[in-house]
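For what it's worth, my numbering labels the leading residue of the sequence shown as 1, then goes sequentially.
Beta carbons: idealized from backbone N, C-alpha and C, even for Gly.
Quick caveat, the model's predicted, so the values are computed rather than measured.
Quick notes on the structure that follows.
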Amino acid sequence: MTASAVLDPGLRARRRAALLMALSGAAAVTAIVCLSIGAYSVPPLSVLEAVFLGGDSRADLVIAQVRLPRIVFGLLVGAALGGSGAALQVLFRNPLADPGLIGISSGAALGAVTAIVLGGSLAPAVMAVLSIYAIPCAAFIGAGLATLAIVTIGNRRGKVDVALMLLAGIAINAIAQSGIGGLSFIADDQQLRTLTFWTLGSLAIAGWDALPMIAVCVLVPMALIASQAGALNRFMLGEVEAAHLGLNVKRLKRMIILSVALSVGAAVSFSGAINFVGLVVPHVVRIFAGADNRIVVPGSMLFGAILTVLADLAARMAVIPAELPVGLVMGAVGGPFFLWLLLRTQWRRTL
1 MTASAVLDPG
11 LRARRRAALL
21 MALSGAAAVT
31 AIVCLSIGAY
41 SVPPLSVLEA
51 VFLGGDSRAD
61 LVIAQVRLPR
71 IVFGLLVGAA
81 LGGSGAALQV
91 LFRNPLADPG
101 LIGISSGAAL
111 GAVTAIVLGG
121 SLAPAVMAVL
131 SIYAIPCAAF
141 IGAGLATLAI
151 VTIGNRRGKV
161 DVALMLLAGI
171 AINAIAQSGI
181 GGLSFIADDQ
191 QLRTLTFWTL
201 GSLAIAGWDA
211 LPMIAVCVLV
221 PMALIASQAG
231 ALNRFMLGEV
241 EAAHLGLNVK
251 RLKRMIILSV
261 ALSVGAAVSF
271 SGAINFVGLV
281 VPHVVRIFAG
291 ADNRIVVPGS
301 MLFGAILTVL
311 ADLAARMAVI
321 PAELPVGLVM
331 GAVGGPFFLW
341 LLLRTQWRRT
351 L
């Protein structure tokens, strides 16, 4: 970066706007491509016609009723995971922090697995009434209980202790995984198949009925987190220094944790566990954008959305007419990439 870029706030703002506009355009193009490709291919112009004009043809029905809600859902899930990962890595000062590390995803998984294995025998009437939303509702309750436990443990003498929250999240992860293992042991073959597919993540459950609720639960918290990007920059200086600069540190911590819990809880309740998005995406954005959270946080939301729908496209196309769990694809891509990132960092330190 040149000295003029460092000194000129207007230039920095233009660079920030240009990068976010480029990511927004990439997200739109990715969505159109993913709407076009599948077991039944649709030309891009027909995709735009189906989205904006509608119709009764086979292509219109495939786009409007099957692919479009799935793509929108994937964009929301990716934005929630990417933005949450970026915020949590700053809040915990830990480059390995992501929504799964503090127990939210594990709590949701335990709730879902409990509904899959025990719901039919313990609450058959509730399962029948909620129908396909029974498992997402149970997952959301599990995520909420995990968040409540983390926040309660992390509040010490009226202060929010992020280190204690992190340790509590690790403990909740262990407890949840133990519970999932026990329930998996007593599950029958059909239940085991269902819970295995859910814990690996999928966007197949997406439908127009649930999307408005998911959108509100994701977009509002993400907007709150993005609005605090400047505050997160000050927080990176240290809690004492940030407080001297006028930042309400306690309020910021609570807002970030609760916003992450609501958005991730709503997303993974329907998608299942999708790993590596919240972990890898912020690091990729920082490679190109630096450490300014005014770029990293919204950029992670956009790039997380792009990566999730691309992973879902790969999952849909890999074994047509069946589909792979999207979490499986994400792990296959995210794991090696993160390993490369670690090796790259180590190599730079040796220079």
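With contacts defined as CB atoms closer than 7 Å, A108 and A86 fail to qualify as a contacting pair. Excluding sequence positions up to five before and after V264, its CB lies within less than 6 Å of the CB of A80, S84, P99, I104, all in the same chain and listed in chain order. Given a length threshold of 4 residues, each whole run of the alpha helix (DSSP H) inside the stretch 85-145 is given here in chain order: 104-122, 124-130. The beta carbons of T308 and V51 sit about 19 Å from each other, so the pair does not count as a contact at 8 Å.
Note that the stretch 304-324 touches the stretch 269-281; at least 3 beta-carbon pairs, one per stretch, sit closer than 8 Å. With a contact defined as Cβ atoms closer than 8 Å, A231 and L247 qualify at about 6 Å. Taking 7 Å as the cut-off, the beta carbon of L88 is found no closer than this to the beta carbon of L302. In this model, E241 and N233 are separated by some 11 Å (Cα to Cα). If you draw a straight line from the Cα of A123 to the Cα of R294, it comes to about 46 Å. Exclusion of the five residues before and after R70 leaves L203, A204, A206, D312 as the residues of its chain whose Cβ lies within less than 8 Å of its Cβ. DSSP, reduced to helix, strand and coil, places N173 within a helical segment of the structure shown.
For N293, the secondary structure class from DSSP, reduced to helix, strand or coil, is helix. Within its own chain, the residues whose Cβ lies closer than 7 Å to the Cβ of L262, once the five positions on either side in sequence are excluded, are C217, P221, listed in chain order.
The DSSP-derived three-state label of N233 is helix.
S41 counts as exposed, since fewer than 16 other beta carbons sit within 10 angstroms of its beta carbon. Rounded to whole angstroms, the gap between the alpha carbons of V162 and A229 is 18 Å.
Remark: C-beta atoms of A149 and I172 approach each other more closely than 7 Å. Membership of F197 in the alpha helix (DSSP H) is indicated by the continuous run 189-200.
Residue state for V160 is assigned as strand, using DSSP reduced to three classes.
In the DSSP assignment, S57 falls outside any alpha helix (DSSP H) and carries neither an H nor an E.
Comparing alpha-carbon positions, the option among W198, P298, R67 lying closest to I225 turns out to be P298. Annotated as proximal: F197 and P325, with beta-carbon spacing under 7 Å. Put simply, the backbone Cα of A174 is about 19 Å away from that of A115.
The alpha-carbon separation between G54 and A215 amounts to approximately 22 Å.
The C-alpha of S269 is placed about 20 Å away from the C-alpha of V66. In chain order, F276, L279, V280, H283 place their CB closer than 8 Å to the CB of F338, counting only its own chain and leaving out the 5 sequence neighbours on each side. Just measuring C-alpha positions, the residue of A223, G238, D292 sitting nearest L258 is A223. Nearest neighbour of V90 by Cα position, chosen from R193, L19, T194, V260, turns out to be V260.
A residue is called buried once 16 or more other Cβ atoms fall within 10 Å of its Cβ, and G201 is buried on that count.
For G120, same chain residues with a beta-carbon under 7 Å away, outside a window of 5 residues either side, are M127 in chain order. At a Cβ-Cβ threshold of 7 Å, L183 and V113 count as neighbours.
No residue range can be given for G238, since it is assigned to no alpha helix (DSSP H) and is classified by DSSP as neither H nor E.
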